[in-house]
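Participant: Encoded as structure tokens, here's the structure I'll be asking about.
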Amino acid sequence: MKLATLDIAIIALFLAATIGLGLWLSRLASRNLKSYFLAGNDIPWYMLGLSNASGMFDVSGTMIAVAWMFVYGVKSAWIPWLWPVWNQIIMMIFLALWMRRSAVLTGAEWISFRFGDGAGARLAHIVTVLFAVIIVIAFMAYFVEGIGKFSAQFLPWDLAFSLAGLQFSSEDSYALIIIGLTTLYTLKGGFYSVVGTEVMQFLIMTVACLIVGIIAFGATSAEQIQAAVPAGWDSLWFGWELGLDWSSLLPAADARIAEDGYGAFGFLFMLMIFKGIFASLAGPVPSYDMQRVLGTRSPSEAAKMFGLTPLVLSFPRYFMIAGITVLALVYMDTGALLDDSGRLDFERVLPYAISEYVDAGFRGLLLAGLLAAFMSTFAAFINAGSAYVVNDLYRKYFNREGSDRHYVRLSYLVTGALVLIGLYFGFAGGNIQARTDWIVGLLYGSYVASNVLKWLWWRFNGFGYFAGMAAGMLGVAVIPPALEAAGIDWLAIQQFPLLLAVAMLGSVAGCLLTAPVDAAQLKQFYRQTRPWGWWGPVAAAVMAEDPGFKPNRDFARDMGNVLVGIVWQMTLVVIPMFVMIRATDSLLWSLAVFAVTTWLLKKFWWDRLED
């Protein structure tokens, strides 16, 4: 890509502004751990909502979303359910309320609030910290792969070098530079810098996305798009089979579908639903989502934050994704997307389209926005990972009496160490799709069982939590290699039910073979959190002490709101796609559904929020 002087100036100005803002905010973060990791619970929910949206707008995810839409068309809107993307809806409807009522600093500290401080609770606490560190490192490796591949496509300098016998490509060098700059302001400024810079970055990204979408809309026509895609590409719906045939237009796209294993899409969709129910009820993995929940001013503000995120994020992001996709479909030179082995690399569609079809100045703004997307997400993860190590390991088990200054300085060291470890695994190789599959299909499978039961079942204890998490992580280490050795070629999401079963067995066995949580601890948790589920004996004990206490009877309403919210969120994704491809009938239907679901959520969710 040839960058104009104006593009380089815009990128440089953005980097300087981001680092400057982050360092300026560091004076607020250095007061104590609560300021460093939660900004003292003093940031309004709408700022945290914008920050959360920015954190979800990462380069790696955007690159793969463009690749998905290129190959799968509007049907690609379903693929993020693999995460599952609608865990944001369950957080918005009820789970964020429950979490924020705990008033703790981190997700691992929440474990003590739920299970007490006995041996089982300590084991549960330690395994949560371990999982938190693993998930942070896994996501950092995913980010390294994405930012390196992206940067090398658009920055013009060859920065390959060797050091101590190791070879570093230009992709590696760019990843090192950008990660180093992000780490600098995050390390110094903590959560204040994360949120402050993310809000600025989100505004830049939104403007850039809208500009690119408008450029793409003006440069293509419905007829050009239809001529470049197979029948069914512009439809959201599918049967048991995916129903796309690229053989006469681009055989490499059919090869990508086969490689992804998404041909039998109906079966895959059922697995998405199965996994989505459990993974969403489990709540967020211990990372930046949980940190933002705990950083809000009140439970109702935590819920509002998650409601704002898809509303402000989806249209600009998918308007750009759809715009980049149609530009590439109509004008693409497939030879430019070949990797070193001569294979078509669809993850290069995004940087290629920016290079060829976005004018100088706008190109610099978009690149600055995409750099912002990476930096905001990366910063959120490393700040969250440091919180677990410092607050939940060191402070809890080794040094309870240290000064705030001591803990904050240690956080600097831990943040740097986590970045180095993430870089190591990021440079180990692999593509973005493979890393995505491993994180969302396998690693999440080890997390789900224990974290569903902790909310819904009073009898569940710390030993059960530890046994379930340990069994799940052991399953991730053992089951995939065993299947491969047996010649069984399962997708990561196909392995999810097996991993869930192993983790569930460990959870229930560990729980029933040990004593329940102390009754006083259970009553405190239930009284303060007020979850629904199988809490009958605890609810009876609480009401015996306090006849005025009202148990949570909102299960049916919450589930109805979740179903409405999932449809609402889906309309926010497909509306910009239908705008870009000029699918007028589908667009009008989507707008009507969006209006109805918005009204239902206002009436049955927003108006009934309570702390």
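Using full-length UniProt numbering, you'd call the opening residue of the sequence shown number 1 and step up by one each time. Glycine included, every Cβ here is placed at the ideal spot set by N, Cα and C. Every value quoted in this text rests on a predicted model; they were computed, and no experiment measured them.
When the Cα atoms are used, what is the spatial distance from F594 to G487?
Facilitator: 46 Å
Participant: Residues in its own chain within less than 7 Å of V71 by CB, not counting five upstream and five downstream?
Facilitator: Setting aside the 5 residues that flank it on each side, V71 is surrounded in the same chain by A253, R256, I257 and F346, each with a C-beta closer than 7 Å to its C-beta; the list follows chain order.
Participant: Span of the alpha helix (DSSP H) holding L308?
Facilitator: P299 to Y331
Participant: Taking DSSP as the reference, what is the three-state secondary structure of F45?
Facilitator: A small correction: the amino acid at residue 45 is Trp; Phe does not occupy that position in the sequence shown. Collapsing the DSSP output to three states places W45 in a helix.
Participant: Is the CB-CB distance between V74 and S314 below 7 Å?
Facilitator: no
Participant: For V326, which residues in the same chain have their Cβ closer than 7 Å to its Cβ, ignoring the five residues on either side in sequence?
Facilitator: A216, T220, I225, M580 and I581
Participant: Where does W68 sit, in a helix, a strand or coil, going by DSSP?
Facilitator: helix
Participant: Pull up the distance between the alpha-carbon of Y174 and that of A103, whole angstroms please.
Facilitator: 40 Å
Participant: Could you tell me the alpha carbon to alpha carbon distance between L97 and K304, rounded to whole angstroms?
Facilitator: 10 Å
Participant: Please name the residue, chosen from D554, Y465 and M140, that lies closest to L513 on a Cα-to-Cα basis.
Facilitator: Y465
Participant: For the alpha helix (DSSP H) containing residue 612, name the first residue and the last one.
Facilitator: Missing from the structure shown is residue 612; the chain here goes from 1 to 611 and no further.
Participant: Straight-line CA distance for A67 to G61?
Facilitator: Going by the C-alpha atoms only, they are around 10 Å apart.
Participant: What span of residues does the alpha helix (DSSP H) with A360 cover, start to end?
Facilitator: No alpha helix (DSSP H) contains A360, which DSSP labels as neither H nor E.
Participant: For F549, count neighbouring Cβ atoms within 10 angstroms of its own Cβ and tell me buried if that reaches 16, exposed if not.
Facilitator: Per the 10 Å Cβ criterion, exposed.
Participant: Would you report the Cα separation of A138 and V127, rounded to the nearest angstrom?
Facilitator: 16 Å
Participant: Taking just the CA atoms, how far does T584 sit from Y36?
Facilitator: Summary for Y36: the model assigns pLDDT 49, below 50, so the residue's position carries little reliability; its value from the coordinates is reported in the next sentence. Between Y36 and T584, the C-alpha separation is close to 49 Å.
Participant: Here's the rule I'm using: 16 or more other beta-carbon atoms within 10 Å means buried, otherwise exposed. How should R608 be labelled?
Facilitator: exposed
Participant: Who are the near neighbours of K602 in its chain, counting only those whose CB is closer than 8 Å to its CB and skipping five residues on each side?
Facilitator: none
Participant: Which residues bound the alpha helix (DSSP H) around Y262?
Facilitator: Run containing Y262: none; DSSP gives neither H nor E here.
Participant: Just mark F306 as buried or exposed, buried being the case when its beta carbon has 16 or more other beta carbons within 10 Å.
Facilitator: Answer is buried; the Cβ neighbour count reaches 16.
Participant: Do V212 and M320 have their C-beta atoms closer together than 7 Å?
Facilitator: yes
Participant: Could you check if I93 is buried or exposed, using at least 16 other CB atoms within 10 Å of its CB as the buried criterion?
Facilitator: buried
Participant: So does W45 have its beta carbon nearer than 6 Å to some heavy atom of the ligand ADP?
Facilitator: With respect to small molecules bound, the structure shown includes none, and the ligand ADP cannot be examined in it.
Participant: With the cut-off set at 7 Å, would you say A124 and F115 are in Cβ contact?
Facilitator: yes
Participant: Can you tell me where the alpha helix (DSSP H) holding D585 begins and where it ends?
Facilitator: T584 to F604
Participant: Any idea if N399 is buried or exposed, counting beta-carbon neighbours within 10 angstroms, 16 or more meaning buried?
Facilitator: exposed
Participant: Does DSSP put residue 617 in a helix, a strand or coil?
Facilitator: Since the first residue shown for the chain is 1 and the last is 611, residue 617 is missing from the structure and cannot be characterised.
Participant: Does the contact criterion of 3 or more C-beta pairs under 8 Å hold for the region 535-546 versus the region 462-482?
Facilitator: no
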